[in-house]
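For reference, the structure is listed below as structure tokens.
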Amino acid sequence: MFNLQGRVAVITGASSGLGTQMAHGLAEQGADVVLLARREDRLRKVAEDIEGQYGVKAYPIPCDVTQLASVQAAVQAALNRFGKVDILINNAGIGSVMPAEKMDDEVWEHNLSVDLTGVFRTAREFGKVMLEAGYGRIINISSMYGMVGNSATPASAYHAAKGGVVNLTRALAAEWADRGVTVNCICPGYFETELTADTLKTEEFKAYMERTVPLKRYGNSGELNSAACFLAADESSYVTGAILPIDGGYTCV
């Protein structure tokens with residue numbers, strides 16, 4: 019697909035779900051991967067699987083993106099291990115589902131602290147390394163709900179944060195374009211992960227997808243990987259500030 023041999027990729031939220039899938043995708047193309055998440059036991063298992071399957075180096079680092087010291091320590095650990103960072107997949111995120119009128123400030127602020135401030139903090143700290151090197155690929159993971167509203171799932175904090183990630187991507191892309199660092203954004207739709215598999219397979223949700231998703235299905239494991247690998251590769255050198263929905267057509271209707 020794309021040759022990422024010799025590249026070092028950092029993936030946040032790498033212990034499960036789309037983060038794990040994209041870590042596998044980049045490793046399959048030859049990248050060494052730095053895996054960040056809070057769950058160290060899960061990270062170690064992902065790292066073992068990746069090294070066993072692809073013969074690349076996979077380095078797990080416990081990290082909480084809401085804590086500056088934790089992110090800075092992860093940056094230093096990655097540099098100590100590999101000497102550089104070429105690629106950042108900014109994937110860590112959460113989502114609280116509740117009506118806006120029942121959402122208190124604490125829930126709102128926690129969602130933004132992970133889904134928006136955490137993305138900025140991680141991009142800033144790893145971005146410093148990339149800017150100094152004069153090369154970098156940052157891929158922020160937003161959501162189709164960062165592009166459109168949604169009445170089916172009440173999650174106003176999630177929508178607000180993911181919308182912020184979309185425009186943060188544009189801002190960083192414009193600011194860093196002439197310094198060798200591209201910044202792009204993927205907006206996934208419904209994807210099967212450990213957390214969503216049961217819900218996606220219910221008859222109620224299948225009927226909802228029939229009405230709202232033109233391709234009439236959810237995304238399968240690995241269907242984000244080719245986009246992530248393209249945006250991480252040299253072949254995407256003329257792409258920055260792009261917002262790419264991978265959602266079965268949800269946002270086009």
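Residue numbers for the sequence shown follow my numbering, beginning at 19 and rising by one. All residues carry an ideal CB built from backbone N, CA and C; glycine is no exception.
If only uninterrupted alpha helix (DSSP H) runs of at least 4 residues are considered, those enclosed by the segment 91–161 are 123–130, 136–151. Of all C-beta pairs linking the segment 248–259 to the segment 221–234, fewer than three are shorter than 8 Å, placing the two stretches out of contact.
Take residue 181, set aside five residues on each side of it, and the residues of its chain with a beta-carbon closer than 7 Å to its own are 164, in chain order. Membership of residue 217 in the alpha helix (DSSP H) is indicated by the continuous run 215–218. Per DSSP, reduced to three states, the secondary structure at residue 223 is helical. With fewer than 16 other beta carbons inside 10 angstroms of its own, residue 19 counts as exposed. Straight-line spacing of the CA atoms in residue 28 and residue 127 works out to 26 Å.
Taking 8 Å as the cut-off, the Cβ atoms of residue 87 and residue 54 do not count as close.
Following the DSSP letters along the chain, one finds residue 36 inside the alpha helix (DSSP H) bounded by residues 35–46. Note on the segment 174–202: whole alpha helix (DSSP H) runs with a minimum of 4 residues are 174–194, in chain order. Cβ contact annotation for residue 233 (same chain, cutoff 6 Å, sequence separation greater than five): 266, 267, in chain order. Residue 179 places its beta carbon less than 8 Å from that of residue 134.
Taken through DSSP and simplified to helix, strand or coil, residue 205 comes out as strand. Within the same chain, and ignoring the five residues on either side of residue 59 in sequence, no residue has its Cβ closer than 7 Å to its Cβ.
In the structure shown, residue 87 falls within a helical segment according to DSSP collapsed to helix, strand and coil. The C-alpha of residue 161 is placed about 19 Å away from the C-alpha of residue 250. Under the three-state reduction of DSSP output, residue 30 falls in the strand class. Rounded to the nearest whole angstrom, the CA to CA distance from residue 215 to residue 239 is 11 Å. Out of 144, 103, 270, 246, the CA that lies nearest to the CA of residue 167 is found in 270.
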